[in-house]
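What follows is a single structure, written as structure tokens, with notes after it.
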Amino acid sequence: MDIELIRRLPKTDLHVHLDGSLRIDTLIELAGERGVSLPAETAAGLRELVFRDRYQHLGEYLEGFRYTVAVLADAEALERAAYELCEDCFEEGVRYVEVRFAPQLHVRQGFEIPDVVRAVDRGLRRATEALNRHPAIVSGEEPRFAAGIILIALRFFTSAFSDGYRRYFEVLPDAPVEEVYAAASLALARAAVRLKREGLLVVALDLAGREQGYPAGDHRDAFQVAHEGFLGKTVHAGEDYGPESIFQAITDCHTDRIGHGTWLFDAGRVHGPDVDDPERYVEELAQVVADKRITIEVCLTSNQQTVPELADDLRRHPFAEMNRRRLSTTFCTDNRLVSNTTVSDEIARAVAAFDLSPRAVRDCLIYGFKRSFYPGTYLEKRAYVREVIDFADRVLAEAGTAGGDRKPA
Numbered sequence: 046m047d048i049e050l051i052r053r054l055p056k057t058d059l060h061v062h063l064d065g066s067l068r069i070d071t072l073i074e075l076a077g078e079r080g081v082s083l084p085a086e087t088a089a090g091l092r093e094l095v096f097r098d099r100y101q102h103l104g105e106y107l108e109g110f111r112y113t114v115a116v117l118a119d120a121e122a123l124e125r126a127a128y129e130l131c132e133d134c135f136e137e138g139v140r141y142v143e144v145r146f147a148p149q150l151h152v153r154q155g156f157e158i159p160d161v162v163r164a165v166d167r168g169l170r171r172a173t174e175a176l177n178r179h180p181a182i183v184s185g186e187e188p189r190f191a192a193g194i195i196l197i198a199l200r201f202f203t204s205a206f207s208d209g210y211r212r213y214f215e216v217l218p219d220a221p222v223e224e225v226y227a228a229a230s231l232a233l234a235r236a237a238v239r240l241k242r243e244g245l246l247v248v249a250l251d252l253a254g255r256e257q258g259y260p261a262g263d264h265r266d267a268f269q270v271a272h273e274g275f276l277g278k279t280v281h282a283g284e285d286y287g288p289e290s291i292f293q294a295i296t297d298c299h300t301d302r303i304g305h306g307t308w309l310f311d312a313g314r315v316h317g318p319d320v321d322d323p324e325r326y327v328e329e330l331a332q333v334v335a336d337k338r339i340t341i342e343v344c345l346t347s348n349q350q351t352v353p354e355l356a357d358d359l360r361r362h363p364f365a366e367m368n369r370r371r372l373s374t375t376f377c378t379d380n381r382l383v384s385n386t387t388v389s390d391e392i393a394r395a396v397a398a399f400d401l402s403p404r405a406v407r408d409c410l411i412y413g414f415k416r417s418f419y420p421g422t423y424l425e426k427r428a429y430v431r432e433v434i435d436f437a438d439r440v441l442a443e444a445g446t447a448g449g450d451r452k453p454a
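Quick note, this note's numbering runs 45 ahead of the 1-based positions in the sequence shown.
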């Protein structure tokens, strides 16, 4: 499959961070307007100093977010970033995107969580309306573009992260830090449910940040609120820690999807004293993920950039085993700017590294649409997925490839 065929196929991006996916020219422009000092004033300079192809570790990878978050300081910037992200997705054939961000990073006096989310919502709605005026969509030749919002709770933060997070330390000055983290997550979950009920595009709650030492269980109450509020749940797990982190996401957070899941099969990373047989633990965990169709949001490039073991050979990535076991997986960018990638690039890399057939690629793409938190009714989602399947099969047939009409489970 060449890159042009991949770009033509309908795709999703279910794991893409708004603050990691700005256009680099927009970052430079917003920084100038808002008085944010950057290490370089040109795209080439920022690519050399900040947004590189390789990083030494996760901390270095995250360094660029200090600049992107700083410029996303008001409604205008957030709305613009959301709009442009949709344009960039659409241009490479992505037809459904779930934009995720941590609203509390952008909170300041007079600009609270609902204001942050509404700004992004406006950007997504404006983009959706504009993009769906494309002649191929109006004619019914191609599937429509749609978008949802995932709000991120952080496992770890300090008062320096933002005014929004600083408040929790002021209100709970003597509380253990895990209670402070839990309070912030609970407030976000409650806001997410309210905003969803108001009709905004909020579809799910996420948990992100440093896994080791900051267990998902600390955020159990927040995810219970999301669960009871009929929100989707996804959790960054198995990226910075081992299989037990994935288990916590499933048992403590009711997660429907897993962000990354890189160490799902690594029994050597099982450390719990209660696990007497790590190999069996991993097998049983993988069986649960498979049987419950818990979709793994695979981010190949960002994993290579932050996991030294994968840096020089993508074939070592556990996606190969995920695919062999027929797990529900979907390709995602994670951060289009920080990782300098697109969904099409991710798929092309997977095809080259794992020798994927057109049928295997097609199935992964359809998984993305089927396991999305589509902001509509079940019947609306079914009709939308049918549009996508028909279009994907037509594209593959026209290209002379054996995509087949088998539907993923």
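In this text, a Cβ means the ideal position worked out from N, Cα and C, and glycines have one as well. The structure displayed is predicted, hence computed values, not measured ones.
- For Glu342, the three-state secondary structure derived from DSSP is strand.
- In the structure shown, the three-state DSSP call for Lys278 is strand.
- The residues Leu199, Arg200, Phe201, Phe202, His281, in chain order, have a CB closer than 8 Å to that of Gly254 in the same chain once the five nearest residues on each side in sequence are set aside.
- With contacts defined by Cβ atoms closer than 8 Å, Asn348 and Thr307 form a contacting pair.
- Secondary structure at Arg68: coil, using DSSP grouped into helix, strand and coil.
- DSSP places Lys241 within a helical segment (H, G or I) once states are collapsed to three.
- When DSSP states are grouped into helix, strand and coil, Thr57 belongs to the strand group.
- Beta-bridge annotation (DSSP): Tyr141 is paired with Thr57, Ala191.
- With a threshold of 16 other beta carbon atoms within 10 Å, Lys278 meets it and is buried.
- In the three-state reduction of the DSSP assignment, Thr87 falls in the coil class, being assigned neither a helical nor a strand state.
- Counting only runs of 4+ residues, the alpha helix (DSSP H) found wholly inside the segment 301-348 occupies 323-336, in chain order.
- Here DSSP, grouped into helix, strand and coil, assigns Leu231 to helix.
- Asp379 is bridged by DSSP to Val61.
- Nearest C-alpha to Asp98 among Glu284, Ser373, Arg370, Leu345: Leu345.
- By the neighbour-count criterion, in which 16 or more other beta carbons inside 10 Å mark a residue as buried, Gln154 falls on the exposed side.
- Taking a contact to require three or more Cβ pairs closer than 8 Å, the segment 201-221 and the segment 138-152 qualify as touching.
- Assignment of Val248 by DSSP, reduced to helix, strand and coil, places it in the strand class.
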